[in-house]
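Residue numbers (our numbering), protein chains in the order written: chain A, 8 to 185; chain B, 1412 to 1570; chain C, 16 to 374; chain D, 1043 to 1396.
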Amino acid sequence: MQISYLSTAEIVFILIAAVTLIAAIIALEAKEIVHGALSLGVMFLGIAGLYILLDANYLAMFQISVYIGAVVVLILFTIMIVPREIWLHRPFRITPEVIAGILAAIMLIGSICVLYLSTPAWSLTPSEAPFDWSVRRIAQSIVIEYGIALQILALVLFAGLMGALTLAKVEEKEEETK
Amino acid sequence: MNEAQIIDELRDKFGERIGTPERLRQHRIVVTVEKENLLDLAKFVKDTYDLNYAISVSGIDYPEQNKFVVVYHLCKMSEEGHLPLVLTLKVPVNRQTPRTPSLISIWQSVEWHERETWELFGIEFEGHPKLERLLLHEDWDEEFPNQFPLRKDFLLEDE
Amino acid sequence: MSSMYFSVGPQHPGSGHFRMKITLQGDIILNAEPDPGFVHRSVEKIAETREYLQNVPLIERQCLSDVSSVTLAYAMGIEELLGIEVPPRAQYIRVIMCELSRIMSHLYWLAILGIFVGHSTMFMWGFGDRDILITETAEKIAGARVSYSYIIPGGVRYDLPDGIKEHTMKTLDYFQGRLKEYDAIFFSNPIFKRRTKGVGVLSRSEAIRLGVTGPTLRGSGVRGDIRKDAPYAAYDELDFEIPVYSEGDSYSRSLVRFREMKISSSIIRQAFENLPEGDFKVKTRKKVPEGEVFSRVEAARGELACYLISDGTRKPYRLKMSTPSFRNLPGFSLMKGSMLADMPPIYMSLDYWPLETDR
Amino acid sequence: MNIINIILDFLNLENFISNIPNAEVQELLTIVFVFLRSDLFFKILLFPGIFTILITVAELMWLELKLIAKVQLRVGPQYAGRIGGILQPIADFIKLLFKETIVPEKASKVLFLLVPIMLVTLAATTLTVIPLSETDVISNLDVGLLFTFAILAMFPILALLAGWASNSKFPFIGGIRALFQQVSYEVPLWFSALGVVILAESLNFNSIIKAQSTFWFILLLPLGAFIFLVAVIAETERLPFDIPEAETEIASGWMAEYSGLSFGLIMLSLYIKLYFGAAMFTALFLGGWLGPSILPPAFWFLTKTIIVVLIIMMLRGVLPRFRLADLLYIGWRRLLILSIVNIFLAITVKLVLF
Chain A
8 MQISYLSTAE IVFILIAAVT LIAAIIALEA KEIVHGALSL GVMFLGIAGL
58 YILLDANYLA MFQISVYIGA VVVLILFTIM IVPREIWLHR PFRITPEVIA
108 GILAAIMLIG SICVLYLSTP AWSLTPSEAP FDWSVRRIAQ SIVIEYGIAL
158 QILALVLFAG LMGALTLAKV EEKEEETK
Chain B
1412 MNEAQIIDEL RDKFGERIGT PERLRQHRIV VTVEKENLLD LAKFVKDTYD
1462 LNYAISVSGI DYPEQNKFVV VYHLCKMSEE GHLPLVLTLK VPVNRQTPRT
1512 PSLISIWQSV EWHERETWEL FGIEFEGHPK LERLLLHEDW DEEFPNQFPL
1562 RKDFLLEDE
Chain C
16 MSSMYFSVGP QHPGSGHFRM KITLQGDIIL NAEPDPGFVH RSVEKIAETR
66 EYLQNVPLIE RQCLSDVSSV TLAYAMGIEE LLGIEVPPRA QYIRVIMCEL
116 SRIMSHLYWL AILGIFVGHS TMFMWGFGDR DILITETAEK IAGARVSYSY
166 IIPGGVRYDL PDGIKEHTMK TLDYFQGRLK EYDAIFFSNP IFKRRTKGVG
216 VLSRSEAIRL GVTGPTLRGS GVRGDIRKDA PYAAYDELDF EIPVYSEGDS
266 YSRSLVRFRE MKISSSIIRQ AFENLPEGDF KVKTRKKVPE GEVFSRVEAA
316 RGELACYLIS DGTRKPYRLK MSTPSFRNLP GFSLMKGSML ADMPPIYMSL
366 DYWPLETDR
Chain D
1043 MNIINIILDF LNLENFISNI PNAEVQELLT IVFVFLRSDL FFKILLFPGI
1093 FTILITVAEL MWLELKLIAK VQLRVGPQYA GRIGGILQPI ADFIKLLFKE
1143 TIVPEKASKV LFLLVPIMLV TLAATTLTVI PLSETDVISN LDVGLLFTFA
1193 ILAMFPILAL LAGWASNSKF PFIGGIRALF QQVSYEVPLW FSALGVVILA
1243 ESLNFNSIIK AQSTFWFILL LPLGAFIFLV AVIAETERLP FDIPEAETEI
1293 ASGWMAEYSG LSFGLIMLSL YIKLYFGAAM FTALFLGGWL GPSILPPAFW
1343 FLTKTIIVVL IIMMLRGVLP RFRLADLLYI GWRRLLILSI VNIFLAITVK
1393 LVLF
């Protein structure tokens, strides 16, 4: 006598995946833009849940703190500062962007299908020899193995940040002269 | 600058244009002035005696004599404090057409006092930037149209 | 960037019976307009329908934290019209009551200022000491805690009770110790200084131009105090100083009131030391001769002027109270350009009392 | 053998289940009972879970009432409960339970009512990784510290949403202020905790605590401890940083429109957050459950935590509130720089001592 045909991990996966998908759809379709931003947060949370299922706790925690703690907060903040009327009453029209979006979605789904079909063994449970996700291991791989890449990335980010600051500064000065 | 001097000077300067300045008691001088000469007199007392501080603006209703009187109390304020002298300007205003020039251009501090007097007596101050409801509630005009609480013909219930 | 309009009050923990219309841009106050009148009772009109003595309890309702000065201005006006001389003992008792009122009012203000900047201990201490020390002393003298109608035309209502001198001295000793603690916990507090120093600056000339009065004026460096400039009661026989601070910000206005509490207690001590014997009241007539009078006193919040016109009957023809809170109304323009968080300290540094404005 | 097992044995419900004819239902119920009898359920429900937290938080509220009353020369609560009104917070909560929850007109109803529940849930979630002793922890997560920070990062969203959902101006300003404050103090919080991570070489709370068996980290990193404490006070919106709730400016800020049970839940979540902040401070800097073995480790942990909470509460008695601009200035210009200095200090200590 069998109650369920699925393991606990599979049930949890299906639940989280469903929540993530529904949240993603709401995030795109919500009329009230704040609700949309909020469900974006729920979606990120769901993805973090998936990471935890894959034993990637460290990644999951960063997913939450960066995407929810920073990105969603920024989006919400921006939405709330901008007057509400701007967001409302956008009639639906088939524009080139919409067509391009649909095409991109088809291509994405297609490529995922190809990937799925071309991958032989596919399982939801963690692999036999789990990768060492401990913090020490991550630190070593970041600082030692990919040290130079990290440095270059940091430099690029820094340059980008400085550029943004310079641009902002210039605009401010222009406003002052006006 | 004593009180007798001020009275003499005012009499010399304005003569018939103002009522006789009167010394009520120590430190209190009362001058009655028609509204046509009010601004001149106000400017003069402010420039000459440096009476830069308006203490109060009040209205008085005399229904028998068919007039209101707007009363300004002025004094001098220096860094070292008040001068004890208080000069009182009395401006009689016709009760049917209560209008008088506002002194806000000379003393900024009369702004709220004049607004209050306008509201409670219905005396219009020409040149006042903001004659709006101050103390009475917002639907006063609907409940008591053209009635002003401090006029003598506005009777309280127990009178 | 769009601006935001909202009312602070009359249903707001930081407003009293009064409303401020605030326009905010970002965190900066663009415009702050006071809107008084929520407790307007038309005291001046009611006063015209009552007899002179009946008016005493009426007019003291306009400022319940500082009743002595209000009634004193009114009583002085009537005495001047009647041409009577108040006995010196009554003058001294009046001084004692006025200074007690001043301490009471300033303690009230200090407590509210405390809670306005988020210091709940100052709030509790201020109210506790006010109730236990000062109000109780006033009750022993006048028989009531707040609205005692003690100062009447012709003198005071009762003579001082036995042993009040010792009681008051003991109270003041304790109170002056408490003042030191207030200084330690509140006025020397770096956060309090940071929140009030340089906030809501009112320059000397602007203070005179706007016609503000009392500690608000003295916090801007003007030594304007009726007690010294046009002495009444027994103030010319007592030795006291007027605290003046020239910075003109919220902190100096607060310090003026704080120092005044100390000076007030020394005035009370002196008054008890020099208290003459004799009558505490003279007989007055019910009918007041025709005439007009303009009497000024220095109430806790500033100069309070009473303009009284009599037509020779038992009732005043016109009574106008020019109250300090009303005259400090232009001070609300100080909020323009400061941050929203500066609103409570500026508002409290004006020591605005809505009932006094509305009358 | 824990107390739940004893109660279940006493009730003898398994016998009753075995009489149920439907086999599937029987099996399902059996699984439920296995869970009820498990150690995990005991931990979640009783110790160190919901029950312990609620009792601790209620008594913290009472301690605050009494302590502040002492500072302010008052008596404080007296009547509820035998010892000086010790049951007052519970009485307060029951009162709030029976009060009407008023939802403002035109408010976003679902969000408005959801926010308090989410707040309490989040606050309680953080406590799952805090160990009261080596074994008394619901989940001994290897990235426990990161987990708590991740959860902390979600609080400002809820405050902002509470302000937005109320559709009222003061709560909205309060929400924005809460966002500013919590987001900008998260950075010093992370950075000061980083010093501890460097010394302990772990993100797991138990390992961090064990690493302190020779020296408590407050002795090695006093600067980091100070920054952490300040940041915790700011994160929990206690005085002198209760700017989002500033009563006399913006009328209780983002929680202005809440009443009844939802207000009670918000207060509960704030106190749980306070307890949690203090518990984190204890675990990171005060040696957690380490202490003389005369008494159980959980006792040491709770004692230290309560002392930290009392220190935070005492500030309310003596300090007024900061301005928002000052707060941001302190956060970005002072604490951030100091916390970076703290990381260098931690590295130095690490190189010298270990």
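Cβ atoms here follow ideal geometry from the backbone N, Cα and C, with glycine treated the same way.
It should be emphasised that the depicted structure is a prediction, and the values quoted were computed from it without experimental measurement.
My assumption, with CB atoms under 8 Å, is that residue i sits in contact with residue j. Please give the rounded CB distance.
i, j, result
"Leu1452 (chain B)", "Cys1486 (chain B)", "Not really, about 16 Å apart at Cβ, beyond 8 Å."
"Thr1443 (chain B)", "Pro1503 (chain B)", "7 Å"
"Leu1194 (chain D)", "Glu1228 (chain D)", "7 Å"
"Gly1333 (chain D)", "Gln1254 (chain D)", "Actually they do not touch by this definition, with Cβ atoms about 11 Å apart."
"Leu355 (chain C)", "Asp50 (chain C)", "With 8 Å as the limit, Leu355 (chain C) and Asp50 (chain C) do not qualify as a contact, their Cβ atoms being about 18 Å apart."
"Val41 (chain A)", "Trp1206 (chain D)", "6 Å"
"Ile1275 (chain D)", "Ile1354 (chain D)", "6 Å"
So, residue i versus residue j, is the Cβ gap smaller than 8 Å?
i, j, result
"Pro1173 (chain D)", "Ile1285 (chain D)", "no"
"Glu1029 (chain D)", "Gly1217 (chain D)", "Residue 1029 (chain D) is absent from the structure shown; chain D starts at 1043 and stops at 1396."
"Arg345 (chain C)", "Ser1513 (chain B)", "Reading off the sequence, residue 345 (chain C) comes out as Pro, not Arg. No. Outside cutoff."
"His134 (chain C)", "Pro1362 (chain D)", "yes"
"Gly236 (chain C)", "Tyr260 (chain C)", "yes"
"Glu1142 (chain D)", "Ser1304 (chain D)", "no"
"Val1468 (chain B)", "Glu1433 (chain B)", "no"
"Pro331 (chain C)", "Tyr163 (chain C)", "no"
"Leu447 (chain C)", "Ala62 (chain C)", "Here chain C covers residues 16 to 374 and nothing more, so residue 447 (chain C) does not appear."
"Pro369 (chain C)", "His32 (chain C)", "yes"
"Thr75 (chain C)", "Gly169 (chain C)", "Contrary to the premise, residue 75 (chain C) reads as Glu rather than Thr in this sequence. Contact: no."
"Glu266 (chain C)", "Lys351 (chain C)", "The residue asked about is misnamed: residue 266 (chain C) is Tyr in this sequence, not Glu. Not a contact, by the Cβ cut-off of 8 Å."
Can you find a CB in chain B that lies within less than 8 Å of the CB of residue i?
i, result
"Arg76 (chain C)", "no"
"Thr64 (chain C)", "yes"
Spatial neighbours of residue i within its chain, please: CB distance less than 7 Å, with the 5 preceding and 5 following residues excluded, ordered by chain position.
i, result
"Asp174 (chain C)", "Phe295"
"Ser116 (chain C)", "Asp81, Val82, Ser83, Ser84 and Ala315"
"Leu1129 (chain D)", "Ala1122 and Gly1123"
"Glu1522 (chain B)", "Ile1515"
By Cβ distance, which residues of its chain are closer than 8 Å to residue i, with the 5 residues on each side in sequence left out?
i, result
"Gln1416 (chain B)", "none"
"Asn1246 (chain D)", "Asn1182, Leu1183, Asp1184, Val1185, Gly1186 and Leu1187"
"Arg1544 (chain B)", "Glu1530 and Trp1551"
"Gly1470 (chain B)", "Phe1479, Val1480, Val1481, Val1482, Thr1528, Leu1531, Phe1532, Ile1534 and Leu1561"
Taking only beta-carbon positions, decide if residue i is within less than 8 Å of chain C.
i, result
"Arg1376 (chain D)", "no"
"Asn1463 (chain B)", "yes"
"Ser1516 (chain B)", "no"
"Trp1529 (chain B)", "no"
"Glu1291 (chain D)", "yes"
"Pro1158 (chain D)", "no"
"Leu1547 (chain B)", "yes"
"Ser1467 (chain B)", "yes"
Kindly say whether residue i, judged by its beta-carbon, lies nearer than 8 Å to any beta-carbon of chain D.
i, result
"Pro359 (chain C)", "yes"
"Tyr65 (chain A)", "yes"
"Phe165 (chain A)", "no"
Between residue i and chain A, is there a C-beta pair that is closer than 8 Å?
i, result
"Leu1403 (chain D)", "Since the first residue shown for chain D is 1043 and the last is 1396, residue 1403 (chain D) is missing from the structure and cannot be characterised."
"Pro1198 (chain D)", "yes"
"Ala1165 (chain D)", "no"
Within the same chain, show all residues whose beta-carbon is closer than 6 Å to that of residue i, passing over the 5 residues directly before and after it, in chain order.
i, result
"Ala320 (chain C)", "Arg311 and Ser337"
Would you say residue i reaches chain G, if we count a Cβ-Cβ gap shorter than 8 Å as a contact?
i, result
"Pro1560 (chain B)", "In the displayed structure, chain G is absent; the protein chains listed are A, B, C and D."
When you compare the stretch 84 to 104 of chain C with the stretch 288 to 308 of chain C, are there three or more beta-carbon pairs, one atom per stretch, that lie closer than 8 Å?
yes
Check whether the stretch 18 to 25 of chain C touches the stretch 35 to 45 of chain C, counting contact only when three or more Cβ pairs, one atom from each stretch, lie closer than 8 Å.
yes
Within the chosen definition, does the stretch 204 to 217 of chain C reach the stretch 253 to 268 of chain C through at least 3 CB pairs nearer than 8 Å?
yes
Report yes or no: do the stretch 122 to 132 of chain C and the stretch 1087 to 1104 of chain D share at least 3 C-beta pairs separated by less than 8 Å?
no
At a cut of 8 Å, does the stretch 41 to 61 of chain A reach the stretch 25 to 32 of chain A through at least three beta carbon pairs?
Flag = yes, the stretch 41 to 61 of chain A and the stretch 25 to 32 of chain A touch.
Taking three-plus beta-carbon pairs below 8 Å as touching, is the stretch 280 to 287 of chain C in contact with the stretch 180 to 189 of chain C?
Of all C-beta pairs linking the stretch 280 to 287 of chain C to the stretch 180 to 189 of chain C, three or more are shorter than 8 Å, placing the two stretches in contact.
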